[in-house]
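Novice:
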Amino acid sequence: MASKLREDYPWTASPVIINAPMAGIAGTPLATAVTGSGGIGMIGIDDAAKLQAQLEDASNIFGSSSSPSPNPAASAFYQERGLLPIGVGLLVFHVKTLDLVLPALCQHPPALIWLFAAPSLPDYAAWTSMLRATLPTTKIWIQVGTSSAAVEVARTAAPDVIVAQGSDAGGHGFARSASVISLLPETTALFAAEKRLLSTPRPPPVLVAAGGIVNGSGVAAALSLGAAGAVMGTAFLAAQETTLHPAYRAAVLDARDGATATVRSAVFDELRGPNVWPGVYDGRALATQSYREWITGTEIEVLREKVAEAVKGEDKGFGGRAPVWAGTGVGLVNEVRKAGDIVVSVREGARAALREALAAVGDL
Ligand SMILES: Cc1cc2nc3c(=O)[nH]c(=O)nc-3n(C[C@H](O)[C@H](O)[C@H](O)COP(=O)(O)O)c2cc1C
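Shown next as structure tokens:
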């Protein structure tokens with residue numbers, strides 16, 4: 001499985017680390033730094049109008065003949081296959097129509113497009129076939145949070161990769177979810193048993209893990225659970241290259257004990273007005289003052305007024321009123337670092353953790 005990822009994204013080093021396409025937070029600087037260090041860098045689209053410029057920047061970084069490439073193998077991939085060595089994440093319910101992003105994607109096709117948060121699972125099949133008709137060499141990744149959704153999406157959309165997102169994940173995810181420790185093995189077992197999947201013209205999707213992975217031992221665990229690579233979102237909130245308000249980053253760096261510092265709730269999506277997310281989603285964020293007041297009975301209208309007031313302040317409300325999306329791994333995310341250093345240290349940490357685990361079991 002791991003070799004399939006390295007075949008499709010040949011600039012990567014093993015184990016493959018991917019940054020989550022956090023909309024508005026993961027832009028070109030983060031994506032190019034992650035790819036530059038042998039991971040798979042992702043841009044998360046919050047505004048379709050910005051995509052063209054973001055992809056152009058990436059094209060200049062990997063396609064320039066005048067300045068050194070951050071990863072010569074990634075530049076060679078770009079030159080040979082005509083695909084940018086990064087991915088683009090789209091929130092299906094938010095982007096609404098591919099027409100808004102297709103011109104930019106066609107001009108600078110990325111190595112992969114990651115789809116998430118479709119209003120319903122059948123939407124993925126429609127989006128995947130439209131994208132494949134227009135961008136036949138771009139791989140399609142789809143993120144889901146349950147083994148049954150993984151099987152349905154594999155059957156109907158046949159993406160190249162399914163990102164199995166566990167309940168520890170920061171940001172939005174399936175409200176009814178399991179941690180990767182059970183989600184991945186069950187999904188792997190279902191894929192193995194699913195004869196109809198095998199009869200589709202495409203091979204079963206490669207599985208990648210997301211949710212609560214912030215260091216080498218988390219990546220090592222994901223690999224032993226059957227994942228071919230690991231996605232990290234929360235860990236990259238500490239990266240210099242993310243587009244993040246200083247007060248947001250400070251709240252993440254200060255948080256300890258992700259079990260109590262974070263919580264899954266749909267209330268975070270109600271704080272700035274009525275929730276626009278499809279009903280199956282909620283989100284994991286820091287258990288802020290807004291959250292504490294909500295669970296002790298404060299009306300949502302009152303909380304909205306406080307948030308509206310707080311976002312006018314210098315900290316843009318990230319001192320406790322506005323949502324600070326983060327996963328349960330947040331307690332281990334304590335210092336600002338370069339994204340490339342995060343990728344390299346997590347990759348080396350994973351290798352060390354795997355060696356230590358083998359040594360611990362002794363003779364096999
Ligand atoms: C701040 C933040 C923003 C996110 N935004 C997106 C997004 O726009 N699109 C998406 O597909 N996933 C998004 N996610 C979820 C990630 O894809 C991924 O599942 C998650 O970060 C993995 O868990 P971790 O945060 O514990 O590493 C976001 C996560 C975080 C923490």
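The numbering used here numbers the first residue of the sequence shown as 1 and each following residue consecutively. Even glycine gets a Cβ: it sits at the ideal position worked out from N, Cα and C. On a predicted model such as this, the values are computed, not experimentally measured, just so you know.
Between which two residues does the alpha helix (DSSP H) carrying asparagine 215 extend?
Specialist: Looking at the DSSP string, asparagine 215 is not in any alpha helix (DSSP H), and its letter there is neither H nor E.
Novice: Kindly identify the DSSP beta-bridge partner or partners of phenylalanine 174.
Specialist: Tyr281
Novice: Report the option in Ala33, Val92, Leu244 and Val324 whose CA atom is closest to the CA atom of glycine 283.
Specialist: Val324
Novice: Out of curiosity, what's the CA-to-CA distance linking alanine 111 and threonine 35?
Specialist: 11 Å
Novice: Taking the runs of the alpha helix (DSSP H) that are 4 residues or longer, which of them lie wholly in the region 226-283?
Specialist: 246-254 and 258-261
Novice: Would you call the CB atoms of phenylalanine 93 and proline 10 closer than 9 Å?
Specialist: no
Novice: From serine 37 to alanine 189, what distance separates their C-alpha atoms?
Specialist: 33 Å
Novice: Report buried or exposed for aspartate 341, applying the criterion of at least 16 other Cβ atoms within 10 angstroms of its Cβ.
Specialist: exposed
Novice: Counting only the same chain and skipping the five closest in sequence on each side, list residues whose C-beta sits under 7 Å from that of asparagine 334.
Specialist: Leu253
Novice: The beta strand (DSSP E) spanning alanine 164 covers which residue range?
Specialist: 161-165
Novice: Can you give me the start and stop residues for the alpha helix (DSSP H) that asparagine 60 sits inside?
Specialist: Boundaries of the alpha helix (DSSP H) around asparagine 60: 48-63.
Novice: Arginine 202 by DSSP, collapsed to three states: which one?
Specialist: coil
Novice: Heavy atom of ligand 1 less than 8 Å from the Cβ of methionine 22, yes or no?
Specialist: yes
Novice: With a threshold of 8 Å, establish whether the CB of glycine 327 neighbours any heavy atom of ligand 1.
Specialist: yes
Novice: Could you tell me whether any non-hydrogen atom of ligand 1 is closer than 8 Å to the CB of tryptophan 127?
Specialist: Tryptophan 127 Cβ: outside cutoff for every heavy atom of ligand 1.
Novice: Who are the Cβ neighbours of valine 151 in its own chain at under 8 Å, not counting the five residues just before and after it?
Specialist: Thr187, Leu190, Phe191, Glu194 and Leu197
Novice: CB glycine 89 to CB proline 29, shorter than 9 Å?
Specialist: no
Novice: Between methionine 22 and chain C, is any beta-carbon pair separated by less than 9 Å?
Specialist: This model lacks chain C altogether; it includes just one protein chain.
Novice: If you follow the beta strand (DSSP E) that valine 16 is in, where does it begin and where does it stop?
Specialist: First-last of the beta strand (DSSP E) with valine 16: 16-19.
Novice: Just curious, the alpha helix (DSSP H) that tryptophan 294 is in, first and last residue?
Specialist: 289-295
Novice: Count the other CB atoms, across all protein chains shown, that sit within 10 Å of the CB of lysine 139; report buried if there are 16 or more and exposed otherwise.
Specialist: By the 16-neighbour rule on beta-carbons within 10 angstroms, lysine 139 is buried.
Novice: Less than 8 Å separating the Cβ of phenylalanine 93 from some heavy atom of ligand 1?
Specialist: Result no, Cβ not under 8 Å from ligand 1.
Novice: Grouping DSSP H, G and I as helix and E and B as strand, with all else coil, what is leucine 207?
Specialist: strand
Novice: Could you compute how far the alpha carbon of isoleucine 45 sits from the alpha carbon of alanine 118?
Specialist: 15 Å
Novice: Determine which residues share a DSSP beta bridge with arginine 337 and list them.
Specialist: Ala239
Novice: What are the partner residues of lysine 312, as DSSP defines its beta bridges?
Specialist: In the DSSP assignment, no residue is bridged to lysine 312.
Novice: What I want to know is whether the C-beta of phenylalanine 77 ends up closer than 8 Å to one or more non-hydrogen atoms of ligand 1.
Specialist: no
Novice: Is valine 163 near tryptophan 114, with beta carbons less than 9 Å apart?
Specialist: yes
Novice: Quick one: is leucine 358 buried, meaning 16 or more other Cβ sit within 10 Å of its Cβ, or exposed?
Specialist: exposed
Novice: Hey, how far is the Cα of glutamine 79 from the Cα of isoleucine 43?
Specialist: 20 Å
Novice: Using C-beta distances below 7 Å, list every residue in its chain close to glutamate 293, excluding the 5 sequence neighbours before and after it, in chain order.
Specialist: Leu303
Novice: Closer than 8 Å by C-beta to alanine 2: which residues in its own chain qualify, once you throw out the five before and the five after it? Chain order, please.
Specialist: With a pLDDT of 49 at alanine 2, under the threshold of 50, the predicted position of this residue should be treated as unreliable, though the coordinate-derived value follows. Here the set comprises Ser14, Pro15, Val16, Leu223, Ala228 and Gly229.
Novice: Nearest by alpha-carbon distance to leucine 286: which of Phe318, Val101, Ala31 and Lys312 is it?
Specialist: Phe318
Novice: List the endpoints of the continuous alpha helix (DSSP H) containing valine 92.
Specialist: Per DSSP, the continuous alpha helix (DSSP H) segment holding valine 92 begins and ends at 92-95.
Novice: Secondary structure at alanine 2, three-state DSSP: helix, strand or coil?
Specialist: Its pLDDT being 49, under 50, alanine 2 is placed unreliably by the model, and the measurement read from it follows with that caveat. Here alanine 2 sits in helix by DSSP.
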